[in-house]
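To convert, note that position 19 of the sequence shown is 19 in the working numbering; the numbers rise steadily by one, no gaps. Heads up, the beta-carbon is just placed ideally off N, CA and C, and yes, glycines get one too. Owing to the predicted nature of the structure, the values given are computational and were not obtained by experimental measurement. Okay, so here's the structure we're looking at.
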Amino acid sequence: MKKLTVEEETKTRSLLWQEIKSSAEARYISRVHAVLLACAGLSSYEIAGMLGHSARSVEEWIKRYNKNSLDGLREERRKGRPGAISTECFELLVSDIEQDPSEFGYDEWNCRNLSAHLMRRYGIKLSERQCRRVLERLKERTTGEVLHET
């Protein structure tokens with residue numbers, strides 16, 4: 001069978017992950033696919049690898065499906081304190097990070113520089129530790145690589 005190729009694979013992967021992460025409907029469909037794959041006999045680790053999520057998330061979705069059918073796969077209202085960076089600000093930050101850091105006066109994008117950038121440009125104060133989580137989210141979004149579930 002001929003192997004399929006996608007032009008600009010890295011850019012395409014980034015774009016598609018961005019679409020999945022930003023759309024509640026796409027996230028729901030991803031969870032539906034997870035249940036279908038579980039019905040086909042795949043393990044949570046195999047499903048997680050295919051869909052780009054953690055095995056723990058997949059197991060939770062299956063548990064929710066078994067308890068509440070399709071309603072268990074729909075988005076739940078998030079608990080806890082809202083994030084310090086709004087969705088709109090995060091989108092702006094993504095476009096900043098995609099640019100050369102020297103355009104903003106930095107040698108590289110790291111936790112310290114991101115913290116300074118957020119304060120200077122958006123008036124948002126985040127610790128370097130919090131900035132590490134933001135950088136992990138940015139990496140996950142641009143590469144599809146899941147470092148930590150957030």
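- If the five residues before and after A38 are omitted, its C-beta is found closer than 8 Å to the C-beta atoms of S44, I47, V58 and I62, all from its own chain and listed in chain order.
- In this structure, the alpha-carbon of S95 lies about 11 Å from that of E88.
- Where T5 is concerned, there is no enclosing alpha helix (DSSP H), because DSSP gives it neither an H nor an E.
- For a cut-off of 8 Å, the C-beta gap from E75 to A24 is around 5 Å, short enough to register as a contact.
- Here L114 is not near L92, since their CB atoms are 8 Å or more apart.
- With contacts defined by Cβ atoms closer than 8 Å, L73 and R64 form a contacting pair.
- When the beta-carbon positions are compared, L138 and A84 stay at least 8 Å from each other.
- In the three-state DSSP reduction, L16 falls in the helix class (H, G or I).
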